[in-house]
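Participant: Residue numbers (the working numbering), protein chains in the order written: chain A, 11 to 482; chain B, -5 to 278.
Right, I'll just put the structure down here and ask away after.
Here you go:
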């Protein structure tokens, strides 16, 4: 039956699709992707749940403004080339966002179907269409469907994470000559070093980067802006610059024992495993494969860390969080997946001290139970220690995933950039910094945020850079 | 790809490699380092930039090949190249005109010491190098240091060259002699040696700078793996160092952290780990 023939009542009668997943007991033994994607028939049927409502609130919830009902309607008609064209025009990294976006607080949160029952599975449909495009079509052609006339203007993008890649793609499609400087030896930023293979396969990052290169984007790795070259030197060579170098300075807890062997920042742990491949038996970069892992934090990075630790052999692998489940900022799907995999959650606890053995390796962490008191400035009830509730938790790996601060390497070398008190770059409503022609976005502006917000910044900045370049 | 211009054997398994890296050559200052990977699967290895030639667009690295990563690096000959060379990283060395300066180097730590000593001499200091190694072939850069140092003193454990014993014994002679006593000391070598030097100079209140080489991944402050306790505070050697006040460094913690992967590394690496930890800092 053609989707057009469906009545709203028939659409409302369709139940939300179920994602095909690797079984929990199997997936904790490998690093393959947990979600296996929807079969085509299931995806088309799920798309038919969309009412194509008048106000289209879902688009408002999307930081990059994907025309969600349009691509979903095309999918509901089983017109995949059209769905792909719409999606790829609006979103530079759809295979990625379809996997890592917190849809439940963005597009799906605003879906009219969610008011009574479950919202349309927009994220899964995005993933389906994006993966289809990657497998079935000449993606670069789709991606760059409007061959750009060269403007002769040059733009330097600092960082090849989600913000940088998005900006680079948009700018290249506008006809500008784009060069990305990446500090690490590999592209992708947090998509490569931070998000594990089981959530975002690196082949996808490779493919998204290859798409950009086919648009003419040049990528130079091993260039640390602020050290190898300064922003001032960049502006001598380029007409404009977009700074999206991320927020890479891990926070520690400042408790005794934090420097014992086996205590990692999530950044280090995940970088060793994801970027350096320490999960592979033949990897040259090692990581401590603990038998008992305790992870501090409640965000996506904490979930990625704890699930990685379990895959590397830790049992138990425990999330220790100082508030309760409801306050955890991680994506709901990640929390659910973690629970299914047997991750233990210890809520309303705080570490007091990390304890080591005679070698200087961690052996346990001394904890204290908390209770929720009065709401704090953020409106969340503040955890208050319970006297006499101290206990010890055995651990040979501890991962601190409580957030990141702005990395000062670039900004220290560029005093003309105005910063806020946390060291983040201040930008105006057009994403321009205090230096004319230098724009910024993503975590270096926001502090630790999400992939999609960085991408939204990249897209917004690209438009503003385009305007700026037309006026010089 | 970063072209290897030359690769010469200085002694034993110590190589001097000149690498084409124009941007790094231009921005580099004494005391900074690069992160090097030989090929696509390799570890990221921090190595001190011994020298740079801005006109030629090259940097010089002095590398002791002990572990798998460094052996692969020194195995690359011209005209091939290194996959990745990133930098210059870390803060430049802090140089003042102190007057008399002693630069103490142990093993391949001397390679790290070399640019610091050169910068100290350049700033008008009277520099005495005190370098050592287990045996004569392991004492490196003696002639190169002699070009700008007022004196180069050598100690070997087996007595095959210079004083028999450790560099600390030679340094003690300088400290004991008021006419030769340095106003500042740079010490680079194994952790135990740097700790010993710091303890030697502490009673004299002599400014003592050490260059640390903890385990590092990215080298840009992102991972925090290189954190060291300095004056009771956690510092990242990659962005706050690698040079620190030797009187404030917790060397025991540093030594322990450097040994993190001893028991986790694979069979062959395990065999080398002890040696690696003693000598690792020399790679920088």
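C-beta atoms are modelled at their ideal positions from N, C-alpha and C, and glycine is treated no differently.
Computed from a predicted model, the values in this text were never measured in an experiment.
Check each residue of the segment 209 to 221 of chain B: if its Cβ is closer than 8 Å to any Cβ of chain A, include it; give the result in chain order.
Facilitator: 211, 212, 214, 215, 216, 217, 218, 219, 221
Participant: Can you give me the Cβ contacts of residue 205 of chain B inside the same chain, cut-off strictly under 6 Å, excluding the 5 residues immediately before and after it?
Facilitator: Excluding sequence neighbours, residue 205 of chain B sits near 106, 182, 236, 237.
Participant: Hey, which unbroken runs of the beta strand (DSSP E) at 3 residues or more fall wholly within the segment 99 to 184 of chain B?
Facilitator: 120 to 127, 145 to 150, 178 to 182
Participant: Counting only Cβ pairs nearer than 9 Å, list the residues of chain A close to residue 79 of chain B.
Facilitator: 232
Participant: Report yes if the C-beta distance between residue 168 of chain B and residue 122 of chain B is below 9 Å; otherwise report no.
Facilitator: yes
Participant: For residue 23 of chain B, which of helix, strand or coil comes out of DSSP?
Facilitator: coil
Participant: Quick one: is the Cβ of residue 480 of chain A within less than 8 Å of any heavy atom of the ligand NAD?
Facilitator: Of the ligands one can find in the structure shown there are none, so the ligand NAD has no counterpart to examine.
Participant: Going by CA-CA distance only, name the one from B:3, B:79, B:174, B:63 that's closest to residue 16 of chain B.
Facilitator: For residue 16 of chain B, the closest of B:3, B:79, B:174, B:63 by C-alpha to C-alpha distance is B:79.
Participant: Identify which residue in A:187, A:168, A:212 has its Cα closest to the Cα of residue 4 of chain A.
Facilitator: Only positions 11 to 482 of chain A appear in this structure, which leaves residue 4 of chain A out of reach.
Participant: Let me check understanding here. Comparing Cα to Cα, which of B:164, B:129, B:172, B:103 lies closest to residue 207 of chain B?
Facilitator: B:103
Participant: Can you name, in chain order, every residue of its own chain whose Cβ lies under 7 Å from the Cβ of residue 128 of chain A, other than the five neighbours on each side?
Facilitator: 26
Participant: Could you spell out the range, first to last residue, of the beta strand (DSSP E) harbouring residue 47 of chain B?
Facilitator: 39 to 47
Participant: Does the beta-carbon of residue 58 of chain A have 16 or more other beta-carbons within 10 angstroms, so that it is buried, or is it exposed?
Facilitator: Classification for residue 58 of chain A: buried.
Participant: Run through DSSP, which three-state label would residue 89 of chain B get?
Facilitator: coil
Participant: Counting only beta-carbon atoms, is residue 149 of chain A nearer than 9 Å to chain B?
Facilitator: Because the pLDDT at residue 149 of chain A is just 48, under 50, the model does not fix this residue reliably, and the value given afterwards should be weighed accordingly. Look at residue 149 of chain A: its C-beta is not under 9 Å from any C-beta on chain B.
Participant: Within 10 Å of its beta-carbon, does residue 292 of chain A have 16 or more other beta-carbons around it, so buried, or fewer, so exposed?
Facilitator: exposed
Participant: Answer yes or no: does any C-beta atom of chain B fall closer than 9 Å to that of residue 287 of chain A?
Facilitator: yes
Participant: Check the DSSP bridge columns for residue 331 of chain A and list the partner residues they point to.
Facilitator: Its beta-bridge partners are A:357.
Participant: Which residues in the same chain as residue 44 of chain A place their Cβ atom closer than 8 Å to its Cβ, once the five residues preceding and following it in sequence are excluded?
Facilitator: 31, 32, 37, 208, 209, 347
Participant: Excluding sequence positions up to five away, which residues of its chain have a Cβ less than 8 Å from the Cβ of residue 339 of chain A?
Facilitator: Sequence-distant Cβ neighbours of residue 339 of chain A in its own chain, meaning closer than 8 Å and more than five residues away, are 308, 309, 310.
Participant: Please classify residue 149 of chain A as buried or exposed, where buried requires at least 16 other C-beta atoms within 10 Å of its C-beta.
Facilitator: Residue placement at residue 149 of chain A cannot be trusted, given a pLDDT of 48 that sits under 50; what the coordinates show is reported in the next sentence. With 16 or more Cβ atoms within 10 Å of its Cβ, residue 149 of chain A is classed as buried.
Participant: Quick one: is residue 26 of chain A near chain B, going by C-beta distance under 9 Å?
Facilitator: no
Participant: Using the Cα positions of residue 34 of chain A and residue 473 of chain A, report the straight-line distance between them to the nearest angstrom.
Facilitator: 43 Å
Participant: To which residues of the same chain is residue 179 of chain B closer than 6 Å at the C-beta, ignoring the five residues directly before and after it?
Facilitator: 96, 195, 200, 202
Participant: With DSSP as the reference, label residue 4 of chain B as helix, strand or coil.
Facilitator: strand
Participant: Can you list the residues of chain B that residue 242 of chain A reaches, using a CB-CB cut of under 8 Å?
Facilitator: Those do not exist, as residue 242 of chain A stays about 12 Å from chain B at its closest Cβ, beyond 8 Å.
Participant: If the cut is a Cβ gap below 9 Å, which residues of chain A does residue 65 of chain B touch?
Facilitator: Listed along chain A, no residue sits closer than 9 Å to residue 65 of chain B by beta-carbon distance, the nearest being about 11 Å off.
Participant: Just to confirm, is the Cβ distance from residue 134 of chain B to residue 8 of chain B under 9 Å?
Facilitator: For residue 134 of chain B and residue 8 of chain B, yes; Cβs fall inside 9 Å.
Participant: Mapping DSSP to helix, strand and coil, what is residue 426 of chain A?
Facilitator: coil
Participant: Taking only the alpha-carbon atoms, compute the straight-line gap between residue 93 of chain B and residue 411 of chain A and give it to the nearest angstrom.
Facilitator: 47 Å
Participant: Give a yes or no on whether 9 Å exceeds the smallest Cβ distance from residue 3 of chain B to chain A.
Facilitator: no
Participant: Are the CB atoms of residue 22 of chain B and residue 39 of chain B within a distance shorter than 9 Å?
Facilitator: no
Participant: Let me know the secondary structure DSSP gives residue 299 of chain A once reduced to three states.
Facilitator: coil
Participant: May I ask you to verify whether the segment 442 to 453 of chain A touches the segment 271 to 285 of chain A, counting CB pairs closer than 8 Å and requiring at least 3?
Facilitator: no
Participant: In the structure shown, what three-state DSSP assignment does residue 62 of chain A receive?
Facilitator: Here residue 62 of chain A sits in coil by DSSP.
Participant: Tell me whether residue -5 of chain B sits in a helix, a strand or coil according to DSSP, three-state version.
Facilitator: In the three-state reduction of the DSSP assignment, residue -5 of chain B falls in the coil class, being assigned neither a helical nor a strand state.
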